[in-house]
Structure formats: C-alpha cells, structure tokens
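Number of protein chains: 2
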Amino acid sequence: MRVGYVQTSPIFGDKETNFKNVKQLIGVQTADLIVLPELFATGYTFTTKEEAINLSEGNNDETSKFLHDLSKKTGAVIVGGFIEKEGNQIFNSAMVVSPDGFQGTYRKLHLYYKEKLWFSSGSRQLKIFEINDMNIGVMICFDWLFPEVARSLALKGADIIAHPANLVMPYCQDAMITRCLENRVYTVTANRIGEEKRGIDHFKFTGKSQITSFNGIVLSSAPADEIFIEFIDIDISQARNKNLNELNNLFEDRRPHFYIK
Amino acid sequence: MRVGYVQTSPIFGDKETNFKNVKQLIGVQTADLIVLPELFATGYTFTTKEEAINLSEGNNDETSKFLHDLSKKTGAVIVGGFIEKEGNQIFNSAMVVSPDGFQGTYRKLHLYYKEKLWFSSGSRQLKIFEINDMNIGVMICFDWLFPEVARSLALKGADIIAHPANLVMPYCQDAMITRCLENRVYTVTANRIGEEKRGIDHFKFTGKSQITSFNGIVLSSAPADEIFIEFIDIDISQARNKNLNELNNLFEDRRPHFYIK
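Residue numbers (our numbering), protein chains in the order written: chain A, 13 to 273; chain B, 13 to 273.
Here it is, written out as structure tokens:
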C-alpha cells in the first residue's frame, strides 16, 4: 500500500492557486492514500468569523470537486482540510474523498486557540472510513495532544490515521511516535509551511510532515521549511496485529475498568 | 520542591546488598520525593513463581522498614518497587512511604511478558497519595505504554507521577515527554541498569532515568549504563494550571462523550 502527504504553503484565501499547487506537486503520482494539510485551500489565520464563513463550503462544492478529480487521477483516497458549512455553523473539517466520490467528513473535536472564535467544535462520534481494504481514521492537528482521539480511532479499527495539520509548535512529531506505539497504527501527518501575519496574529507553521509506522519508526520526515511531497510503501496488515510478544497483546492487555474517561 | 531518582544495578535476590547500595548512593541528600526502580531490592528475572514468592513481602517487612528509615533520614516520600504478598497472590507493586511510615502501594495494572506468569495484575483503582502538599500518582514501567494510566492519574489530581521502571526497550523516555505534555504533570522515571541472565531469559536494562517537566522539558536524564542519582528543584504548582493559553485548558477542552474507554 502506498501512502503519502503533500506539504504545501497555502496562500490565504486563494483556493484556485492552492488547488493548482497541490495538483502540480502530485503530478503523475498514484497512491492508495494521500493526506493534505488542515485548511489546505483557504489558509488558517482568520481575523473575523465572516472571513471564515466566506471561505466555507458544503460537501459538493469546489473543494469536494477538486479532491474528487485528484482522487480519480491518482487512484487514491484523499483526506484534506476545509471549512465545512452546515446551516449556521462552520467546522474545521477534513473531507475524505475516494475515486467513487465524497465519503464523509471529520469535524475537529479539539479546537486550538482562536479557532474557537470561528468554528463550532465537532459533535459527531469518531468514525472509521473503510475504503479499499483500508480502515482510515481521521484527526486534525491539535487533536494529537489528546491521547483519546488516536486511541478511540484505533479501538474502532483504524489501521492508519490521516492527520491534516497546521502545526505551530514543535512537539507533535515526536508525540506521533508515541501515538503509533501505543496503538500500533500507522499515522500520516500532513503539515504546512510558511507564515501568516493577519490582524494581530502571526503564525509560523513548522512543516516536518511525517509518516510514522505502527512500531514507532519514522518512515518519512519532511523539511521544516520547504514545500515537499513523499510517498511510502507500507504493509497495513501489520497494524491489525496487536501482539507485542507471545504474552502481551496491546488491546487485550488494557484494563478499562481502571481508566477514567 | 526537590525530587530525585536513584538508578541502580540490583543484584538478583540480595536485598541486603541492594538496600545498602541505595542508602550509600543517597548519602546525606534530603528531598521531598525520591523514586527508586521497579523491584529495586529483589531483581527482576525470575525463573519460577516460587522464586518470586520467596522474595515477596507484606507491608511491614524488610523493604517497608528500609524505606521508612530512608524516608526519615532524607525527609522525603519514597516510592520504590517490591513484590507485594497478599494471601495467595503476589503483585508487582510500588510502595509509598513517608517519614510518618507506610502510606500504601500501587499494584501494577499492565504486566509485561513473563511477569504474567509470576504476578497477579493489580485490581484496585488508581489513587493519588496526598502527602506534604504533593499529589503523587504512581505507575510502574510498562504502564507507560497505556496512555490511560497517566491520564487517569492526572484527572484524579496528580501533580507528579512516580514511575519506578525496569525498562528493556528504548521507547519510554521519549514517550514520557508526551505523557507530560498531554497531562501537564511532572514525571520521575527511575530505571535500573545492568543485565540479568537467568534461565532462558537475558535482559539488559536501559537506564536513562528521567525527570520530565509539565511542559515536556527533560530536566534530568541519567546515563544508559551507569549507577546514577540526581535531584532537581521543581515548582509543583505549575502542574496544577492546565491552561495552555487564554482560550485552551487541557482538561476543560477534553470531549469525553466522544472517547472510547
């Protein structure tokens, strides 16, 4: 199975250019799963809620169409961030699209900082996207800090976690090693690079997108400040075997009766 | 507040020598909390259950007496591993002793490999030892791999997690950075060094005991293969503030309704 990420430097508010750049970077690559950054087509640093609303979309609008075209061209399931609109609410979401079309969205459960001013936080249960014999879980950026997200996805059967991100701190990449070890799943963190200085906010995004193996090995690590794309072959069946040795099984050894939720 | 660990190389089955070595290493140090390795007085690599039973103790036997003397001498709460006997069962436990005497034990919830052949796994709820204005949680070695342990201790109010260990793999130390960041607690991992070749088993213990700050900074890291002791001053009140910024609070931001236990 071939999985990859695209590490881009989105231009705020310019969806067309951001689409074009992703398409050009991927070129003629084919894959089974491709992960794009959080909010890859809109940029991140909103100054008002209206700005975010104006860049929001339904599930059959331009981002959905772009991702469906990309999915058909590459043969891959694509997971990429966008602003999802439903009624009066907007969400920091990731869309999952296969060559067959739109498969669903994940709405970020843990909003970081001023995201709370623009977005509603997700209010749907975590789900696994079962497509082409992959069990794909999705989490977004800051969700990494809450071990329950990757854990819940793994317990629901995820083999691989697609993790679109706009990281501004340096801790996540090492933590993803722990997330993989503690759950024996693969993870693909697609981060962005570049800076956004808008209003009083100034974010520098930290790159270093990363593919991490079920056994904690970092299979791919992007530079901190370059646009970058990488694809890796993985054996997803490894993530379905939770045995650590002949006496320990990572999930059977859990003691939920003693855990606090 | 002054916290420390003792990284030793226990001699299998020789409690008296192991006690003497710990005492000598600590010398005239005083502290608020001192953590000793898992099974620091007995060694680890049993070949039969009888061997482990023969080295097991109640809560008022030689290990308890040694730790109480050490606690009075140093002024510190001491957390150290021992084989706890109760009725027909033995447990891989850590004892908590203050200058006032025996405070309680933690019985390891997640047993590693052949520990399952010798020990019963813990069947008591996780608890916090509130002593001298410290809220101390205890976990043992392999418990690190299960994020629910540190999480549950933190949710129950732990400021600092005492973590006696006999680690044989290289992953825990980095993972403890994640455990601290995701819970904003301090951790003290007291590991051992040396080798034990007994029966068909041959373990090399990996040292690198570590004190990690609530913000993920490694405050102390011991060598991989030397007997070592270190004490560090920490501000435990930092672990009681779960705010990440003016909009994010690590615990208030949790979404338990969406987590699987």
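Glycine is no exception: its CB is placed at the ideal position from the N, C-alpha and C atoms.
Being a predicted model, the structure only gives us computed values, none of them experimental.
Can you round the beta-carbon distance between residue i and residue j to whole angstroms, since I take them to be within the 8 Å contact cut?
i        : j        : result
Ala234/B : Gly219/B : 6 Å
Asn100/A : Tyr124/B : Not quite, the Cβ-Cβ distance comes to about 52 Å (not below 8 Å), so this is no contact.
Lys32/A  : Glu69/A  : Between Glu69/A and Lys32/A the Cβ distance is about 17 Å, and since that is not below 8 Å, they are no contact.
Leu45/A  : Thr20/A  : In fact, because the Cβ distance is near 17 Å, the residues do not count as touching under 8 Å.
Ile140/B : Ala170/B : 6 Å
Arg267/B : His122/A : 7 Å
Ala53/A  : Ala88/A  : About 17 Å; that fails the 8 Å criterion.
Glu50/B  : Asn178/B : 4 Å
Ile95/B  : Leu138/B : The pair is not a contact, with the Cβ atoms about 20 Å apart (cut-off 8 Å).
Ile172/B : Ile148/B : 6 Å
Gly93/A  : Leu48/A  : 7 Å
Val230/B : Ile189/B : 7 Å
Ile241/A : Val18/A  : 5 Å
Met13/A  : Ile205/A : 27 Å between Cβ atoms; not a contact.
Using the DSSP secondary-structure output, state which residues sit across from residue i in a beta bridge.
i        : result
Val34/B  : Paired residues: none, contrary to the question.
Ser133/A : Its beta-bridge partners do not exist; DSSP assigns none.
Phe141/A : Ile148/A
Thr57/A  : According to DSSP, Thr57/A bridges with nothing at all.
Glu207/A : Lys216/A
Asn173/B : It should be pointed out that residue 173/B corresponds to Ile in this sequence rather than to Asn. Partner(s): Gly149/B and Thr199/B.
Glu69/B  : Glu96/B
Give the secondary structure of residue i by DSSP, where H, G and I count as helix, E and B as strand, and everything else as coil.
i        : result
Asp186/B : helix
Ala43/A  : coil
Ile248/B : helix
Asp213/B : strand
Phe114/B : strand
Ala106/B : strand
His269/B : helix
Met119/A : Here residue 119/A is Arg; the residue named in the question, Met, does not match the sequence. If DSSP states are grouped into helix, strand and coil, Arg119/A belongs with the strands.
Asn255/A : strand
Asn261/B : strand
Thr224/B : strand
Would you mind reading off the limits of the beta strand (DSSP E) that contains residue i?
i        : result
Ile244/B : Phe240 to Asp245
Lys97/B  : Val89 to Glu98
Val18/A  : Arg14 to Gln19
Leu231/A : Val230 to Ser233
Ala177/A : Element bounds for Ala177/A: n/a, residue is neither H nor E.
Thr199/A : Tyr198 to Ala202
Smallest Cα separation from residue i: which of the options?
i        : options                                   : result
Val108/B : Leu179/B, Glu127/B, Trp130/B and Met146/B : Met146/B
Tyr118/A : Ile102/A, Tyr125/A and Arg136/A           : Arg136/A
Asp26/B  : Glu74/B, Cys184/B and Met181/B            : Glu74/B
Thr59/B  : Gln250/B, Ser221/B, Lys128/B and Tyr271/B : Lys128/B
Phe114/B : Asn71/B, Lys84/B, Phe94/B and Asn104/B    : Asn71/B
Gly16/B  : Ile229/B, Phe243/B, Phe24/B and Gly134/B  : Phe243/B
Ile212/B : Val40/B, Thr57/B, Gln41/B and Thr29/B     : Thr57/B
Thr224/A : Thr199/A, Ile246/A and Arg204/A           : Thr199/A
Leu79/B  : Asp247/B, Asp237/B, Asn195/B and Ala106/B : Ala106/B
Ala187/B : His214/B, Glu160/B, Trp156/B and Ile173/B : Trp156/B
Asp265/B : Asp112/A, Gly116/A, Ile172/A and Ser133/A : Ser133/A
Ile143/B : Asn253/B, Asn30/B, Ile248/B and Lys273/B  : Ile248/B
Leu193/A : Arg14/A, Gly116/A, Ser83/A and Leu262/A   : Leu262/A
Lys120/A : Lys85/A, Thr86/A, Leu82/A and Pro176/A    : Pro176/A
Asn164/B : Val197/B, Gln185/B and Met181/B           : First, the residue type needs correcting, since residue 164/B is Ser and not Asn in the sequence shown. Nearest C-alpha to Ser164/B: Val197/B.
Ala236/B : Phe217/B, Lys209/B and Asn253/B           : Phe217/B
Asp112/A : Lys77/A, Arg252/A and His214/A            : Lys77/A
Phe24/B  : Phe226/B, Lys209/B, Phe270/B and Phe154/B : Lys209/B
Leu167/B : Asn30/A, Glu28/A, Phe270/A and Pro22/A    : Phe270/A
Glu63/B  : Pro159/B, Lys254/B, Gly228/B and Ile102/B : Ile102/B
Which residues bound the alpha helix (DSSP H) around residue i?
i        : result
Ala64/B  : Lys61 to Asn66
Thr86/B  : Glu74 to Thr86
Pro49/B  : Counting along the chain, Pro49/B falls outside any alpha helix (DSSP H), and DSSP gives it neither H nor E.
Val161/B : Pro159 to Leu167
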